[in-house]
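Chains as they are written, first to last, in this note's numbering: chain F, 376 to 616; chain C, 376 to 616; chain B, 376 to 616; chain V, 376 to 616. Worksheet: one structure, shown below.
4 protein chains.
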Amino acid sequence: MSSPIRVTVWNEGVHEKTHEEVRKVYPNGMHAVIAEALQGAGFTTRTATLDEPEHGLTQEVLAQTDVLTWWGHMAHNRVEDAIADRVAKRVLEGMGLIVLHSGHMSKPFLRLMGTTGALKWREIGERERLWVVDPTHPIVQGLEEQIVIEHEEMYGEHFDVPAPDQLVYVSWFQGGEVFRSGCCWNRGMGKIFYFRPGHETYPTYYQKEVQQVIINAVKWAAPVQLPSVTYWHKPEPLEKF
Amino acid sequence: MSSPIRVTVWNEGVHEKTHEEVRKVYPNGMHAVIAEALQGAGFTTRTATLDEPEHGLTQEVLAQTDVLTWWGHMAHNRVEDAIADRVAKRVLEGMGLIVLHSGHMSKPFLRLMGTTGALKWREIGERERLWVVDPTHPIVQGLEEQIVIEHEEMYGEHFDVPAPDQLVYVSWFQGGEVFRSGCCWNRGMGKIFYFRPGHETYPTYYQKEVQQVIINAVKWAAPVQLPSVTYWHKPEPLEKF
Amino acid sequence: MSSPIRVTVWNEGVHEKTHEEVRKVYPNGMHAVIAEALQGAGFTTRTATLDEPEHGLTQEVLAQTDVLTWWGHMAHNRVEDAIADRVAKRVLEGMGLIVLHSGHMSKPFLRLMGTTGALKWREIGERERLWVVDPTHPIVQGLEEQIVIEHEEMYGEHFDVPAPDQLVYVSWFQGGEVFRSGCCWNRGMGKIFYFRPGHETYPTYYQKEVQQVIINAVKWAAPVQLPSVTYWHKPEPLEKF
Amino acid sequence: MSSPIRVTVWNEGVHEKTHEEVRKVYPNGMHAVIAEALQGAGFTTRTATLDEPEHGLTQEVLAQTDVLTWWGHMAHNRVEDAIADRVAKRVLEGMGLIVLHSGHMSKPFLRLMGTTGALKWREIGERERLWVVDPTHPIVQGLEEQIVIEHEEMYGEHFDVPAPDQLVYVSWFQGGEVFRSGCCWNRGMGKIFYFRPGHETYPTYYQKEVQQVIINAVKWAAPVQLPSVTYWHKPEPLEKF
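Pasting the structure below:
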């Protein structure tokens, strides 16, 4: 693709308004920090949040989005079903989707996975170590074999998602758990990457390696020039018999 | 499992009432033929159809079902959302699901896959050859490397489903297409098998090899004694630090 | 299968002779402990070791073996190439193979994987926690969601093996690493399970959960009644054209 | 990567010398036609053949090769073991490998797969249709959903290879068989693509779509900037306990 990848950074954006602790870390919202990193990587970047009309995800915005990143947590249920359906449909048509942290319970992600997204969690600010288990994957390009995040929320297995098409990262937590932290799936014409880190009270999205993973994931998830697949009724056989 | 596997054979059962051509092939409905084969394999078998209250799929019936087989076609939309949700939920809790032929567009299957289920199709009664591509799989146990069905509807790629966790059969069609005809997925605690053959106007479900695949699939999809997985909040770490 | 599964438990058996520390834990060799557990599960079990003629793995023994378990460490290079080839060939023909711990560098395993089998390791007796990541798998049937081993050698990622066809266990180590500890692969007509725990100086193979995993793996890896696949030259087409 | 991908096109090159029928189709050898197509795509391309010293695959040549394409058939056994080992090792270190047609029985491919590579075949010049089953894959970028090759050798399932990490193409043959024709595997730090078409007596490698698949595969298989993975002994834990 010769023109820059177009990214929309979606954020629920509620914690930042209601929790002083979160506002201190992300005074302009998490989306601002993520978008700045993506902008710096050369992508055409915009943001959208829950409180905008249609959550900022109009048909027009989605049609102009190559890759959507999604962060949500306390207000998953306030996302309208019609918008969640629209996002999922657009992914099936080819838009990339990067699901961040607590987005594992978001409506678009659960529609696309078909599972509950359930997991274990604990919030005591423990250390997380993300280990590369697929060093050939474009998403780990240019990174070290390990990312250490000093303070994070713990997510532990079992993570109720379909077995990833490619498993890129597995996390170690100080308290004794492991987690499949970087998971790739293809769905329809679209690519989906789930990336675990990013609790709202820690400065995770300021960390350069975390930003690099998201940047690489955007490149990986951007649509390729798809074959024009045809579906449904084919009255004539291709072969005579 | 010492006690017999309990199977519920679900059939939309509309074609058999409205199309003389179908009634001639399946005078008591497709479910009767499938259920008889499964009964003969030693499973505890019952049937359920669209027109029964709650489509025959009450909470109680599902709770007593280890594996559900599903055939539907012209009335997918008449399946109530609440029942489709109930079936999908029960699969995620461990019930096996065998989706037959046009069931690829059924509500429970699409909820569990997260994709459109789209494909190509043609109805001229051509020959289908199903080739084993994973000879180690329990589902092909005791079968030949190929199943030939003299007259079938064609389904052609691209089939818009997630890449199967295991691909067991690929079909060849006389008219020039191929299709991933036997696909396995794990979702939640449940196992799902999609098996392509079974157009309503052909005696496909009388064919012994087709019956044997479904029998094997039921055994494969029956729940194992699952570990008791715990989810959600874990206030205390397992390790001190 | 109506007759019992026939298992051959192979052990290098050198540490037990040369290291007092190991002899104290496994006075009759590791193979004796593993074989006793498998015998107790109802399998027809025999043992074989490096020092026997043909390492105890004659054509006849292998022909009568449904599943082979393999433990080796310091003497991988003393396994004759011809015997390693024979074992690998027999796996491709349908024999199951359970590779234990340091068997990740054994000749049969590397021949079947095609990769280096490299990994990180550390031997300070730290705690290992094996977490189930695929609760539907027959190998975890009847087990808890976690196995804790108080003292083990550490193996850390990256583990240079092909992405497993099914990933069953991921390990957490006290020192900060993770590892894909329970991995399934199909190769040819055979099934392979790699199971990480089992350092020679710890009583790991006495632990009931570890034994249960190996028992379940034997059942999973035992050959099914395979379709008789035909290969090579087919002069006549199946279809006329 | 800012500098062009460096490709080495390897060809056994025996048929072209000994079979008039092949020489007529490929007067300068198949490698000349493949190399010209890759050169035209902007890659830095060289060729190498069996009869050159070290088969043209010296340490130096391999060290300067990002992606190697391999065609061989009647002289697999004349490839020296040391060279086959060298190629396989270089793939594990990160070089991409594109295995063409009868290369499914080549020494480097079999070493990397660990299986027999067996399949069915028939040589009557029948029609082949390659259908895309993963439209999101970079290897099908810019292509149609189907490639038709008017005359080809048939390869039929079962194809004895590990289940591909990604399955891209499935072939239909006029005579009744199917085949997994475009298969991707990761091994070590390297990526491998097997692409079925290319019998020596047909002008397959002149066909634009076939060339495009190989061009796309080269781009896909070219090494990424890998994380510097460390292996073996780690005496100190990362975490204190």
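Where is the CB? At the ideal position from N, CA and C, for every residue including glycine.
Within the same chain, and ignoring the five residues on either side of Ser477(V) in sequence, the residues whose Cβ sits closer than 6 Å to its Cβ are His448. If you draw a straight line from the Cα of Ala459(F) to the Cα of Ser556(B), it is about 37 Å long.
The closest CA to that of Glu611(B), considering only Trp496(V), Ala457(V) and Glu584(V), is found on Trp496(V).
By the criterion of at least three beta-carbon pairs nearer than 8 Å, the region 462 to 480 of chain B is in contact with the region 583 to 602 of chain B. Rounded to the nearest angstrom, the Cβ distance from Pro539(B) to Trp560(B) is 6 Å, consistent with a contact under 8 Å.
One finds Trp547, Phe548, Gly551, Glu552 and Val553 in chain F with Cβ atoms closer than 8 Å to the Cβ of Trp547(B), taken in chain order. Residue ranges of uninterrupted beta strand (DSSP E) with 3 or more members, entirely inside the region 406 to 452 of chain C and ordered along the chain, are 419 to 424 and 442 to 446. Those residues of the region 563 to 584 of chain F placed with their C-beta closer than 9 Å to a C-beta in chain V are Gly563, Met564, Gly565 and Lys566, ordered along the chain.
Contact with chain F is found for His608(C), since one of that chain's Cβ atoms lies less than 8 Å from the residue's Cβ. Per DSSP, reduced to three states, the secondary structure at Val466(B) is helical. Within chain V, the C-beta atoms nearer than 7 Å to that of Gly517(F) come from Gln600, in chain order.
The C-alpha of His430(C) is placed about 9 Å away from the C-alpha of Trp385(C). Look at Ala450(B): its C-beta is not under 8 Å from any C-beta on chain F. In terms of CA proximity to Tyr544(B), Ile589(B) leads the group Asn403(B), Val382(B), Ile589(B) and Pro483(B). Using beta-carbon distances, Ser556(C) does not count as an interface residue toward chain B, since no partner is under 8 Å.
Contact check between the region 390 to 403 of chain F and the region 494 to 508 of chain F: fewer than three CB pairs, one atom from each, fall below 8 Å, which does not count as touching. Counting only the Cα atoms, Ser603(C) lies some 45 Å from Gln414(F).
Gly388(C) is positioned such that its CB atom lies closer than 8 Å to that of Leu425(C). Contact note: Pro510(B) reaches chain C through Met564, Leu601, Pro602 and Val604, using a C-beta cutoff of 8 Å and chain order. Residue contact with chain B for His533(V): present (Cβ-Cβ distance below 8 Å to some residue of chain B).
Within its own chain, the residues whose Cβ lies closer than 6 Å to the Cβ of Arg421(B), once the five positions on either side in sequence are excluded, are Thr383, listed in chain order. The beta carbon of Asp509(B) is closer than 8 Å to those of Val515, Gln541, Leu542 and Val543 in its chain, skipping five residues each way along the sequence. Considering only Glu520(V), Glu501(V) and Gly565(V), the residue with the shortest C-alpha distance to Glu614(B) is Glu501(V). Taking 8 Å as the cut-off, the Cβ atoms of Val436(V) and Ala450(V) do not count as close. By the beta-carbon neighbour count (other beta carbons within 10 angstroms, threshold 16), Ala412(F) is buried. For Leu487(V), the enclosing alpha helix (DSSP H) covers residues Lys482 to Met488.
For the region 523 to 562 of chain B, the full-length beta strand (DSSP E) segments reaching 3 residues or more read 541 to 548 and 553 to 562 along the chain. Rounded to whole angstroms, the Cβ separation of Glu503(B) and Gly531(B) is 11 Å, and the two are not in contact under 8 Å. Cβ neighbours of Gly517(C) within its own chain (closer than 7 Å, five residues either side excluded): Gln587. Of all residues in the region 405 to 422 of chain V, none has a C-beta nearer than 8 Å to a C-beta of chain C. Within the same chain, Leu505 and Glu584 come within 6 Å of Ile522(B) by CB-CB distance, once the 5 residues on both sides are set aside. Taking the beta carbon of Asp540(V) as reference, the chain B residues within 9 Å of it are Pro537 and Ala538, listed in sequence order. Between Pro379(V) and Val507(V), the alpha-carbon positions lie close to 28 Å from each other. Contact with chain C is found for Val507(B), since one of that chain's Cβ atoms lies less than 8 Å from the residue's Cβ.
Interface with chain C (8 Å Cβ-Cβ cutoff): Glu525(V) is excluded. Taking 8 Å as the cut-off, the beta carbon of Val474(C) is found closer than this to the beta carbon of Trp445(C).
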